Amino acid sequence: MPSHLLSLADLSYSDIISLLDCASHLKEKRARGKSSQELNNKTLAMLFEKSSTRTRISFEVGMTELGGHAIYLNYKDVQLGRGESVADTARVMSRYVHAIMARVNKHETLIQLSENGSVPVINGLSDIEHPCQLLADLLTIREYKGKFKDLHFAWIGDGNNVCNSAMLACALTGMKMSVACPQGYEPNAEVLTKAREIGGRINVITDPIKAAKNTDILSTDVWVSMGDEEEFDQRLRDFKPYQINSKLLEQAKHDVMVLHCLPAHRGEEITAEVVDGPNSAVFDQAENRLHVQKALLLKLLS
Ligand code: CP
Ligand code: NVA
């Protein structure tokens, strides 16, 4: 295992399998009401520059369930919000806590935290990636489909942070991927190159129907990510043909699983009918954030 998780590309295929195995074991143990104390006396600092429901709660509950503690820090409430440098913040935090999970506006902030601190840093979402989300997605896919190899993963909509991590996830696990996005909203070019270097078979196209054809997995995310709010009206117009709805589902395999990292905007990127329908795995996907992040914390901290 690497010492930080900033990008999904920090992990090898065997790191991923080992994390998923550990997560499945922890999930099963939790269902039997068994607790553990492996992270007794360990503290996770959780630094947020953006809003969060799932990431915040799942990391905090995860630390509690492993016998440790988590501190929620909104950047506005710490001196970072008044101009203290990221480097000094990292140095100081490393004297108190055993790991830092951060949700940041700029990916560079995570790099500075990892280079200046002396404890593991976990990416809880940046403008470039959302690796913890994709670990949970992989766990959910394995639970539903029992394999990765040769599954077809279709991403419909914005080539954003979650899409970037999905490309790396597909590349690392041998899934074929189609990304359908409007012109000008393609995934990050450097991440795409990296994903292809590690063997990714990724097709970036503009036609959502073509991408959805015969697919095993349909995934999407909001059309307006945190930080993109100024482009709201333009984005809603540009993404209109990229909605996951029951008509698009007809293109896919009958047992297609639908993923969405949430929060969902019913009626925009996905219809209520689909997100609440029989093909949807979104709430299992959300739950799996907890199990997979507990596994990650154990690997990075013990
Ligand atoms: N999917 C996800 O990261 O959700 P939050 O923004 O609620 O943390
Ligand atoms: N792409 C979204 C994901 C939210 C979990 C955002 O960055 O806002």
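Numbering (this note's numbering), first residue to last: -10 to 291.
We put the CB at the ideal spot given by N, CA and C, even for glycine.
Fair warning: this is a prediction, and the values are worked out from it, not measured in the lab.
Give the secondary structure of His249 by DSSP, where H, G and I count as helix, E and B as strand, and everything else as coil.
In the structure shown, the three-state DSSP call for His249 is strand.
Taking only heavy atoms of the ligand CP into account, decide whether any of them is closer than 7 angstroms to the Cβ of Cys250.
For Cys250, the Cβ falls inside the 7 angstroms cut-off from some heavy atom of the ligand CP.
Quick check: what's the CA-CA separation for Lys236 versus Ala178?
Spanning the two alpha carbons is a distance of roughly 30 angstroms.
Can Leu114 be considered in contact with the ligand NVA, in the sense that its beta carbon sits closer than 7 angstroms to one or more heavy atoms?
The answer is yes for Leu114.
Could you give the residue range of the beta strand (DSSP E) that holds Phe137?
That residue, Phe137, is in no beta strand (DSSP E); it is neither H nor E in DSSP.
Verify whether the separation of the beta carbon atoms of Lys183 and Leu207 is less than 8 angstroms.
At least 8 angstroms separates the beta-carbon of Lys183 from that of Leu207.
Could you pull the start and end residues of the alpha helix (DSSP H) that Thr182 belongs to?
Unbroken alpha helix (DSSP H) run through Thr182: Ala178 to Glu186.
Shorter than 7 angstroms, the distance from the beta carbon of Ser214 to the closest heavy atom of the ligand NVA, or not?
It does: the Cβ of Ser214 is within 7 angstroms (strictly closer) of some heavy atom of the ligand NVA.
Would you mind stating whether Gly146 and Phe228 have Cβ atoms separated by less than 8 angstroms?
The Cβ-Cβ distance between Gly146 and Phe228 falls below 8 angstroms.
Unbroken beta strand (DSSP E) run spanning Tyr61, endpoints:
Where Tyr61 is concerned, the enclosing beta strand (DSSP E) stretches over His58 to Asn63.
Alpha carbon to alpha carbon, how far is Leu(-5) from Ile100? Give it in angstroms, no decimals.
Within the model, the alpha-carbon separation for Ile100 versus Leu(-5) is close to 8 angstroms.
Look at Ala34 and Ile89 and say whether their C-beta atoms are less than 8 angstroms apart.
Taking 8 angstroms as the Cβ cut-off, Ala34 and Ile89 qualify as a contacting pair.
Quick one: is the Cβ of Gln349 within less than 7 angstroms of any heavy atom of the ligand CP?
Because residue 349 is not part of the residues shown, which for the chain are -10 to 291, the question remains open.
Would Leu286 and Leu28 qualify as a contact pair, given that the criterion is a beta-carbon distance under 8 angstroms?
Yes.
Three or more C-beta pairs below 8 angstroms linking the region 102 to 116 and the region 128 to 140
Verdict: no, contact absent.
When you compare the CB positions of His87 and Thr32, do they come within less than 8 angstroms of one another, or not?
Their beta carbons are under 8 angstroms apart, which means His87 touches Thr32 by this criterion.
Run of the beta strand (DSSP E) containing Ser7, from where it starts to where it stops
Here Ser7 belongs to no beta strand (DSSP E); instead the alpha helix (DSSP H) covers Tyr2 to Ala20.
Compute the beta-carbon to beta-carbon distance between Tyr61 and Glu49, rounded to the nearest angstrom, for a pair I have assumed lies under 8 angstroms.
Indeed they touch by this definition, with Cβ atoms about 7 angstroms apart.
Which ranges does the beta strand (DSSP E) cover as unbroken runs of at least 3 residues, wholly within the region 232 to 280, from first to last along the chain?
Whole beta strand (DSSP E) segments, 3+ residues: 246 to 249.
Glu93 by DSSP, collapsed to three states: which one?
Reading off the sequence shown, one finds Val at residue 93, where the question assumed Glu. Reduced to three states, the DSSP call for Val93 is coil.
When the Cα of Lys165 is compared with those of Tyr133, Lys202 and Ile6, which residue comes out closest?
Out of Tyr133, Lys202 and Ile6, Lys202 has the C-alpha closest to the C-alpha of Lys165.
Cβ of His119 versus every heavy atom of the ligand CP: is any distance shorter than 7 angstroms?
At least one heavy atom of the ligand CP sits closer than 7 angstroms to the Cβ of His119.
Alpha carbon to alpha carbon, how far is Thr204 from Gly189?
The straight-line gap from Cα to Cα measures roughly 17 angstroms.
So, under 8 angstroms CB-CB, Met215 and Lys39 are touching, yes? Tell me the CB distance rounded to an integer number of Å.
Confirmed, Cβ separation roughly 5 angstroms.
The ligand NVA heavy atoms versus the CB of Asp210: any closer than 7 angstroms?
Asp210 Cβ: within cutoff of the ligand NVA.
What does the alpha-carbon distance come out to for the pair Ala275 and Arg43?
Distance between the alpha carbons of Ala275 and Arg43 is about 7 angstroms.
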